[in-house]
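In the working numbering, the protein residues as written are 42 to 128.
Where a beta carbon is used, it is the ideal one built from N, C-alpha and C, also for glycine.
It should be emphasised that the depicted structure is a prediction, and the values quoted were computed from it without experimental measurement.
Remarks on the structure that follows.
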Amino acid sequence: MQEYNVSVIVAVYNGEKYLENQLSSLLDQGIKISQVIITDDGSTDQSMEIIETFIIDHELSDTWTLKKTETNLGPAANFINMCKETT
């Protein structure tokens, strides 16, 4: 079987309603994901807490990274910044 180096970026803004399903979907992929970078772009809901709990509960801190922007960058700038961090 061929091995791939796969990075996934997830831009989050007030996504608490969908996060649990979205994060679970990443775990259920048929290929191993090498790196997950999640950046919260200034959410005012419980997005950060949901993601932090998910990472801890599934022991993902070695390959999953969660960051919060200091100011709201907007979807395009948030996405571009995350792309620069992938391996």
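Pairing T128 with S48 gives a Cβ-Cβ distance under 7 Å. Beta-bridge pairing by DSSP links D98 to no other residue.
In the displayed model, K109 falls within a strand according to three-state DSSP. Shown here, S48 sits in a strand according to DSSP, grouped into three states.
Taken through DSSP and simplified to helix, strand or coil, Q63 comes out as helix.
Annotation: I74 is outside any beta strand (DSSP E) and is labelled neither H nor E by DSSP. Here the C-alpha atom of L107 lies approximately 6 Å from the C-alpha atom of I78.
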